[in-house]
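Following: one structure in structure tokens, then a few remarks.
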Amino acid sequence: MKMNITIKDVAKKAGVSISTVSRVINDSKPVTDEVKQKVLDVIKETGYIPNPLARSLVTKKSQLIGVIVPEVSDSFVNEILNGIEEIAKMYDYDILLANTYSDKEQELKSINLLRAKQVEGIVMISWILDEDHINYIQNCGMPATYISKTARDFDIYTVSTSNKEATYDMTNYLIGKGHEKIAFVMTSQDDTVLEMERLSGYEKALSENNINLDNSLIKHGGTTYEGGYKSMKELLEDGIIPHAAFVTGDEAAIGAINAICDAGYKVPEDISVTGFNDVKIAKMYRPKLTTVYQPLYDMGAVAIRMVIKLINKEPIDGKKIELPYRIIERESVIERKK
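If you're matching positions, the sequence shown starts at 997 in the numbering used here and goes up one per residue.
So, in structure tokens, the structure goes:
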């Protein structure tokens, strides 16, 4: 059986000192091209893998970035993680992932765990971010960026989409299709900056089209399928039959579609439905979901790049980055006949 190759073995086979091998691996001090190539050839031949902890002690850099997520299986999180991982690799960083199941205590424990693993920075994705999270990370002196619907409530580095404008445009889109009685199912009942912006965009579109605001059409359903289903079921059971439903989360929108169908109505023939985010299921479900596209991959990519810049003390243009959105038209909305 092949034994583990050590740095001592590499040095002996290359005929150099252990410190010379270390300098080649860490690129810490110059060695001649001839010696460098000889050491690299032996490393390749033997399959030697440097100890990352030992390497970090020399370079003072672990090349690790911690990523905290609320639910690793969530489609919204998945697409952000794809962007994070690819850009991290591009800059020669590895990712340590902490899955918290949206539990605040677990989120705080994850921060400590990642510190113990000597990560150089953190990207935190959280449904509900509060001062405890931020203070905890800042007190550690850890560079961090955040993706959360509550992140914009704080003076921190964040990546998001122009939520007010996106909600305004989608509401206008539905009005343009002849829908005036538009249910608005928001993903949180908390008075966060994000929720206030979304509500403001909805209200602005109604006002500009001379449509009175009806608070009975506004629900707070959460991001899940179950939340969307429950919100729409409650509306229909109260005898409120909207022309359209704008649900600010795709999985919740699909829940709303099923509640409509279970109540004996059809989508989009009786009630049109739109979502928000454009996760993969929006394209797979039938009818395919008309939704607001958020560049989730790009959000992850920008967030990890911001952290790397903070680690390297590079300049960053602003703390709050807003990425562009667009409306994706599919099958869940039709023109309403007057």
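Where a beta carbon is used, it is the ideal one built from N, C-alpha and C, also for glycine.
Residue j beta carbon less than 7 angstroms from that of residue i
i, j, result
"Ile1304", "Tyr1097", "no"
"Ser1106", "Lys1276", "no"
"Pro1238", "Ser1328", "no"
"Ile1250", "Tyr1289", "no"
"Gly1271", "Asp1246", "yes"
"Glu1325", "Thr1286", "yes"
"Val1063", "Ile1080", "yes"
"Leu1125", "Thr1154", "no"
"Val1181", "Gly1218", "no"
"Glu1176", "Ile1207", "yes"
"Ile1083", "Ile1300", "yes"
"Val1006", "Val1027", "no"
"Ser1058", "Gln1114", "yes"
"Arg1148", "Val1119", "no"
"Ile1312", "Tyr1169", "no"
Nearest residue (CA-CA) to residue i, options the options
i, options, result
"Ile1179", "Val1119, Asn1208, Pro1264 and Phe1242", "The sequence given here places Ala at residue 1179; Ile does not occur at that position. Closest option to Ala1179, Cα to Cα, is Phe1242."
"Asn1078", "Gly1296, Ile1323 and Val1115", "Gly1296"
"Met1138", "Ala1007, Val1068, Arg1111 and Val1073", "Arg1111"
"Lys1309", "Glu1116, Ala1007 and Asn1095", "Glu1116"
"Val1298", "Ile1039, Lys1284 and Lys1316", "Lys1316"
"Lys1200", "Gly1172, Tyr1164, Ala1094 and Tyr1225", "Tyr1164"
Buried versus exposed call for residue i [16 or more other C-beta atoms within 10 Å across all chains shown]
i, result
"Arg1194", "buried"
"Ser1122", "buried"
"Ala1140", "buried"
"Lys998", "Any reading at Lys998 needs caution, since the residue's pLDDT is 45, under 50, leaving its predicted position unreliable; the model's value is listed next. Answer is exposed; the Cβ neighbour count stays below 16."
"Glu1191", "buried"
"His1143", "Sequence inspection shows Ile at residue 1143; the His mentioned does not correspond to that position. Classification for Ile1143: buried."
"Asn1108", "exposed"
"Thr1016", "buried"
"Lys1004", "exposed"
"Asn1205", "exposed"
"Val1065", "buried"
"Lys1262", "exposed"
Segment limits, beta strand (DSSP E) that includes residue i
i, result
"Ile1408", "No information on residue 1408 is available, as it lies outside the stretch 997 to 1334 that the chain covers here."
"Phe1272", "Ser1268 to Asn1273"
"Gly1062", "Leu1060 to Val1065"
"Val1288", "Thr1286 to Tyr1289"
"Tyr1142", "Ala1140 to Ile1143"
"Ile1324", "Arg1322 to Ile1324"
"Ile1317", "Lys1316 to Leu1319"
Residue i: first and last residue of the uninterrupted alpha helix (DSSP H) it sits in
i, result
"Thr1163", "Asn1159 to Gly1172"
"Asp1088", "Where Asp1088 is concerned, there is no enclosing alpha helix (DSSP H), given that its DSSP letter is neither H nor E."
"Lys1338", "With the chain covering 997 to 1334 only, the question about residue 1338 has no answer from this structure."
Within-7 angstroms CB hit, residue i to chain D
i, result
"Ile1324", "Included in the structure is just one protein chain, with no chain D present."
| task | Write down every uninterrupted run of the alpha helix (DSSP H) in the region 1177 to 1247 whose length is 4 residues or greater and which is fully enclosed by it, in chain order. | result | Secondary structure in the region 1177 to 1247: the alpha helix (DSSP H) runs of 4 residues or longer, each lying completely within the stretch, are 1189 to 1204 and 1221 to 1233 in chain order.
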